[in-house]
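The next block holds one structure in the form of structure tokens; read it before the comments.
Number of protein chains: 2
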Amino acid sequence: MADQSTPLPLTRESVQAAHKLIEPYIHKTPVLTNTTLNQLASTPRTEAELAGTEWAGHAPAKPVLRFWFKCENFQKIGAFKARGAFHAIERLKQEPGWADGGGRERGVVTHSSGNHAQALSLAAHTSRIPAHIIMPTSSSPAKIAATRTYGAQIHFSGPTAPEREAVTATIQSQTGAVLIPPYDHPHIILGQGTAALELLSQVPRETHLNAIITPCGGGGLLSGTALACSGGENTDTFVFGAEPSLDAADDCRRGLATGSRVKTVPATRTIADGLRTPVGKIPWSIIHDRALVRAVYAVGEADIKRAMRLVWERMKIVVEPSAVVGLAAALYNEEFRALVEREGGEAGWDLGVVFSGGNVSLEMMGALFAEA
Amino acid sequence: MADQSTPLPLTRESVQAAHKLIEPYIHKTPVLTNTTLNQLASTPRTEAELAGTEWAGHAPAKPVLRFWFKCENFQKIGAFKARGAFHAIERLKQEPGWADGGGRERGVVTHSSGNHAQALSLAAHTSRIPAHIIMPTSSSPAKIAATRTYGAQIHFSGPTAPEREAVTATIQSQTGAVLIPPYDHPHIILGQGTAALELLSQVPRETHLNAIITPCGGGGLLSGTALACSGGENTDTFVFGAEPSLDAADDCRRGLATGSRVKTVPATRTIADGLRTPVGKIPWSIIHDRALVRAVYAVGEADIKRAMRLVWERMKIVVEPSAVVGLAAALYNEEFRALVEREGGEAGWDLGVVFSGGNVSLEMMGALFAEA
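Chains P and E supply the protein sequences, listed in that same order.
Per the UniProt record's numbering, residue 1 is the first one in the first sequence, and the count goes up by one each step.
Per the UniProt record's numbering, residue 1 is the first one in the second sequence, and the count goes up by one each step.
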């Protein structure tokens with residue numbers, strides 16, 4: 001079976017090369033700012049707000065923050081995942097012997113019920129390569145339909161990881177398709193890093209980003225962002241991650257605390273449904289082993305909802321719950337806010353915030369925000 | 001009592017002058033395009049879709065449409081109303097004798113529970129002029145709070161027009177404040193017209209807009225748009241309006257059919273809550289008497305919801321129900337679509353669509369789209 005035997009080195013230069021390769025296929029998404037959100041973030045939280053949190057009784061932090069929002073909700077298929085998928089497909093097309101050996105006809109395969117499924121379908125379809133997507137039977141009809149729209153062939157599996165992997169293995173052996181995993185792959189990680197690369201080039205010349213914060217699920221976006229900031233004029237741009245805390249979904253934060261990767265997470269009910277997976281092996285090697293991510297912060301469900309409401313009401317753009325965990329950390333996590341106060345001082349920090357996607361259904365928004 | 005005794009002539013040149021005056025205070029909102037929506041609009045509706053509508057049994061129209069969306073949902077206070085309010089305030093400041101005669105201290109007054117209230121509050125506050133807003137006691141706490149945020153003084157009235165006007169008259173006589181009505185005023189109309197003026201200048205050089213369609217409530221935006229297209233290189237850019245049809249809210253369309261303005265509309269339940277008012281006298285003189293608007297189309301509630309869903313899912317931006325009636329007409333009104341087919345032919349039309357605002361609460365969205 002064909003495999004991607006010659007991945008690129010995990011460096012900033014490889015992210016730059018990835019960007020050059022996928023530029024014709026992706027949107028250069030806008031970077032937005034918002035005065036009201038800057039003011040909110042730069043206002044100390046009140047004692048009343050901190051009551052009932054783990055920071056009750058502590059003096060509120062006084063950070064100064066200026067946000068630069070990288071809007072991957074406007075990306076193709078509505079999420080940054082298009083970047084990694086297009087990059088993986090483009091590298092596959094360059095793989096020696098792949099096309100000549102009938103690889104194009106055999107196609108690609110992945111298991112995902114979310115944005116990666118749509119991203120790989122679109123990227124494969126664009127190069128007229130067949131795509132096989134394994135989805136749990138429990139996937140929403142809307143997601144199945146959206147993935148099918150891009151021309152992929154859907155195969156169903158049971159909901160557990162072993163069931164999913166068994167179906168994937170069967171499809172692989174039947175078709176000879178190449179597996180493109182959602183995050184634990186060098187070319188996926190390098191592709192996702194291109195969002196941060198663009199962001200760094202889109203802020204005004206006189207602005208130097210002190211840090212970038214991204215959501216962290218499998219870790220593809222976070223580790224790719226870390227690589228994008230690992231050289232050149234951005235070695236001093238810190239990279240932070242953010243995760244939901246509900247039901248111990250903050251596996252990356254907990255892993256960093258003990259120095260050992262948390263390999264499985266229990267089923268979590270967090271509304272940030274893109275962030276329910278544990279960090280992958282290769283992302284972990286970048287985040288932890290190479291220490292390219294400074295810290296990861298956890299945020300609660302109420303804070304995710306509050307951040308979504310602010311983005312909705314103040315920026316008038318549609319973001320999915322997973323997309324706003326970085327903003328939620330900057331607004332509500334006192335540990336992060338104290339760090340910004342300490343290191344940014346009166347001048348404060350220019351903080352890049354990656355809004356990872358906008359694929360939230362109106363029905364889900366209705367359920368989240370309908371008046372009781 | 002001071003009054004605005006020297007309004008500008010209602011011409012394209014006055015819209016240009018208004019734009020120059022308010023430019024420092026407003027956002028130059030972006031113009032967006034969307035391939036999927038173009039494709040949808042350029043696909044004939046099916047017989048099944050037309051069944052049950054007034055066009056059942058007719059051959060579906062085959063228009064070719066390319067949309068240029070002017071995103072006033074990203075405008076200050078979240079709607080185009082900021083343009084008219086800033087213009088009225090700036091003209092008031094230039095009024096001979098107004099400032100010297102103590103006009104600045106006496107302030108301005110209006111009655112509105114919606115976007116005009118917030119717009120006038122912001123515009124007055126920016127020039128440190130007191131603003132008195134009369135709102136019905138039934139206004140949502142969110143709208144009251146938002147208007148108060150901009151520093152206006154709120155006065156409450158009963159829900160009917162006579163009750164509202166009585167309170168307004170009392171406040172006027174007590175304070176000497178100048179009344180700035182929401183749409184029936186030359187300076188408001190000229191200000192609203194600046195959105196179309198920008199749109200015309202924001203499309204690529206090689207694109208000439210065949211038409212612009214805007215929502216029509218009191219008619220300020222529609223008549224201002226008509227003035228913006230009433231001269232120069234845009235005399236051949238048609239202007240259309242769109243209204244909700246529920247509960248006879250399509251007063252402008254009905255008035256044009258009989259040649260006589262419909263002066264009152266019954267209480268309507270349309271979700272397009274910004275479009276519940278009848279067309280004002282001065283807007284009507286532009287729309288009808290001067291024939292600067294070619295036609296007005298009505299759209300049903302289900303089509304407004306469908307258009308909202310498309311904008312949400314495909315463009316990832318937040319728009320209020322009133323904002324999408326123009327898009328709904330282009331997608332679903334066969335009368336308009338047949339006109340575009342007839343006149344645009346195979347080359348089709350480049351159609352400017354003004355998204356008038358984005359002030360819809362999450363609770364309202366929840367109620368509209370929550371799963372049954």
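Beta carbons: idealized from backbone N, C-alpha and C, even for Gly.
Because the structure is a prediction, the values reported are computed rather than measured.
Got a sec, what are the start and stop residues for the alpha helix (DSSP H) residue i sits in?
i	result
P:M308	E301 to L310
P:V340	E334 to G344
E:I180	Where E:I180 is concerned, there is no enclosing alpha helix (DSSP H), given that its DSSP letter is neither H nor E.
P:I282	K281 to W284
P:T225	G220 to A228
P:G255	D251 to T258
P:S48	The amino acid at residue 48 of chain P is misidentified as Ser; the sequence shows Ala. Per DSSP, P:A48 belongs to the alpha helix (DSSP H) from E47 to L50.
Tell me, please, which residues DSSP counts as bridged to residue i.
i	result
E:H125	Looking at the DSSP assignment, E:H125 forms no beta bridge with any residue, so it has no partner.
P:D350	P:R66
P:L21	Per DSSP, none; premise fails for P:L21.
E:P136	E:S157
residue 414 of chain E	The shown model of chain E, from 1 to 372, leaves out residue 414 of chain E, and the question about it has no answer.
E:A79	E:G357
E:P215	E:A242
E:A145	Beta-bridge pairing links E:A145 to no other residue.
E:L32	E:F69
E:I317	P:I317
P:Q296	Here residue 296 of chain P is Val; the residue named in the question, Gln, does not match the sequence. According to DSSP, which records beta bridges pairwise, P:V296 is partnered with P:G241.
P:A131	P:V108
Starting from the beta carbon of residue i, find every residue of chain E whose beta carbon is closer than 9 Å, and list them in chain order.
i	result
P:M365	W312, L362, M365, G366, F369 and A370
Cβ atoms of residue j and residue i: under 8 Å apart, would you say?
i	j	result
E:V108	E:T214	no
E:G358	E:G78	yes
E:H116	E:R164	no
E:A226	E:V293	yes
E:P141	E:G158	no
E:L256	E:S356	no
P:L37	P:R314	yes
P:L362	E:F369	yes
E:V325	E:M308	no
E:P7	E:P186	yes
P:V15	P:A228	yes
E:K316	P:F80	no
P:A56	P:L65	no
E:R12	E:S223	no
P:R254	P:G176	no
P:V299	P:S245	yes
For residue i, report the span of its beta strand (DSSP E) as first-last.
i	result
E:E243	F238 to P244
E:A196	Note, E:A196: premise wrong, no beta strand (DSSP E); alpha helix (DSSP H) at T194 to Q202.
E:M365	Looking at the DSSP string, E:M365 is not in any beta strand (DSSP E); the run it does join, the alpha helix (DSSP H), is L362 to F369.
E:T110	V108 to H111
If the cut is a Cβ gap below 7 Å, which residues of chain P does residue i touch?
i	result
E:G78	K316
Counting only Cβ pairs nearer than 9 Å, list the residues of chain P close to residue i.
i	result
E:G348	By Cβ distance, chain P contributes nothing, its closest Cβ being about 24 Å from E:G348, past 9 Å.
E:G309	Note that residue 309 of chain E is Arg in the sequence shown, not Gly. In chain order: L362.
Output, in chain order, the set of chain E residues within a Cβ distance shorter than 7 Å of residue i.
i	result
P:F74	K316
Residues of chain P with a CB under 8 Å from the CB of residue i: which are they?
i	result
E:R337	Residues of chain P passing the Cβ test: none, with the nearest at roughly 24 Å.
Output, in chain order, the set of chain E residues within a Cβ distance shorter than 8 Å of residue i.
i	result
P:G358	K316
Verify the contact flag: residue i, CB atom, against every heavy atom of the ligand FAD, threshold strictly below 7 Å.
i	result
P:L37	As far as ligands go, the structure on display features none, and thus does not contain the ligand FAD.
Inter-stretch contact at 8 Å, needing at least 3 Cβ pairs: the segment 63-76 of chain E / the segment 24-37 of chain E
Proximity of the segment 63-76 of chain E to the segment 24-37 of chain E meets the contact definition, three or more beta-carbon pairs being nearer than 8 Å.
Would you be able to state if there are at least three C-beta pairs under 8 Å between the segment 306-325 of chain P and the segment 258-278 of chain P?
Yes: at least three Cβ pairs fall under 8 Å.
Looking at C-beta atoms only, is the number of pairs between the segment 143-163 of chain E and the segment 177-194 of chain E that lie closer than 8 Å three or more?
Contact between the segment 143-163 of chain E and the segment 177-194 of chain E is absent, because fewer than three Cβ pairs lie under 8 Å.
Touching or not, the segment 99-108 of chain E and the segment 17-29 of chain E, by the rule of three or more beta carbon pairs under 8 Å?
Contact fails: fewer than three Cβ-Cβ distances are below 8 Å.
Pairing CB atoms from the segment 84-93 of chain E with CB atoms from the segment 184-197 of chain E, are three or more of them under 8 Å?
Judged by Cβ distances under 8 Å, the segment 84-93 of chain E makes contact with the segment 184-197 of chain E, as three or more pairs qualify.
Do the segment 327-337 of chain E and the segment 59-66 of chain E make contact, defined as three or more Cβ pairs closer than 8 Å?
With a cut-off of 8 Å, the segment 59-66 of chain E and the segment 327-337 of chain E count as touching, because enough Cβ pairs lie within range.
Inspect the CB distances between the segment 257-273 of chain E and the segment 196-213 of chain E and report whether three or more fall short of 8 Å.
Counting C-beta pairs closer than 8 Å gives fewer than three between the segment 257-273 of chain E and the segment 196-213 of chain E, which falls short of the contact rule.
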